[in-house]
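Each remark here refers to the structure printed beneath this line.
In our numbering, the protein residues as written are 35 to 224.
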């Protein structure tokens, strides 16, 4: 099982800053699209297996240990049950601070869920990063104006991901790992 969190914004494309200039023009501050601070956003936690998408959690506050414990109990465990996976399966998460808190480590031990050791700063390796890009691309097709609309579209896109997409992303892991080794830990092609 692979998991990740991402943030999606209403007013702009995720992690994209638009720059308007001619090919010969230098990039100056007046070429860069203004971004308002405090933009409306939605946090999204999701989990996938080779069987497809599992439960997801949309949240408005910043993720922390308490919220993550809630996600584990109310979203991860139902996903494991839905997929009929072994309770002692292997679970991937990145190295966010709240993933490594004592309470979270104890919770995983109590639930007999083994955590896959994960290298720091390795987003290219996680299949979820590629799934976020697919979802983000679909979201860009039509404007989203409200948080409610964003929440609804995120749920629709999450539920519409075919299990074959998840299986393909997970099966591509050995290739991405080999590319990462070849790049000596640097960025790899997606």
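Don't be surprised by glycine CBs; every beta carbon is placed ideally from N, CA and C. Keep in mind it's a predicted model, so treat the numbers as computed, not measured.
State the Cα-Cα distance for the pair residue i and residue j, rounded to the nearest angstrom.
{"i": "residue 112", "j": "residue 89", "result": "7 Å"}
{"i": "residue 86", "j": "residue 212", "result": "24 Å"}
{"i": "residue 184", "j": "residue 169", "result": "12 Å"}
{"i": "residue 136", "j": "residue 35", "result": "21 Å"}
{"i": "residue 163", "j": "residue 83", "result": "14 Å"}
{"i": "residue 73", "j": "residue 43", "result": "7 Å"}
{"i": "residue 143", "j": "residue 175", "result": "42 Å"}
Can you name, in chain order, every residue of its own chain whose Cβ lies under 6 Å from the Cβ of residue i, other than the five neighbours on each side?
{"i": "residue 124", "result": "148, 150"}
Check whether the Cβ atoms of residue i and residue j sit closer than 8 Å, and answer yes or no.
{"i": "residue 126", "j": "residue 133", "result": "no"}
{"i": "residue 109", "j": "residue 152", "result": "no"}
{"i": "residue 203", "j": "residue 165", "result": "yes"}
{"i": "residue 99", "j": "residue 139", "result": "no"}
{"i": "residue 187", "j": "residue 178", "result": "yes"}
{"i": "residue 95", "j": "residue 101", "result": "yes"}
{"i": "residue 161", "j": "residue 207", "result": "yes"}
{"i": "residue 81", "j": "residue 37", "result": "yes"}
Could you name the residues that DSSP lists as bridge partners for residue i?
{"i": "residue 225", "result": "Residue 225 cannot be examined here, being either before or after the span of the chain that is shown, 35 to 224."}
{"i": "residue 125", "result": "149"}
{"i": "residue 87", "result": "82"}
{"i": "residue 92", "result": "78"}
Just confirm the distance between the C-beta atoms of residue i and residue j, as a whole number of angstroms; I'd bet it's less than 8 Å.
{"i": "residue 103", "j": "residue 129", "result": "Not a contact, Cβ separation roughly 17 Å."}
{"i": "residue 191", "j": "residue 173", "result": "7 Å"}
{"i": "residue 92", "j": "residue 76", "result": "5 Å"}
{"i": "residue 214", "j": "residue 159", "result": "6 Å"}
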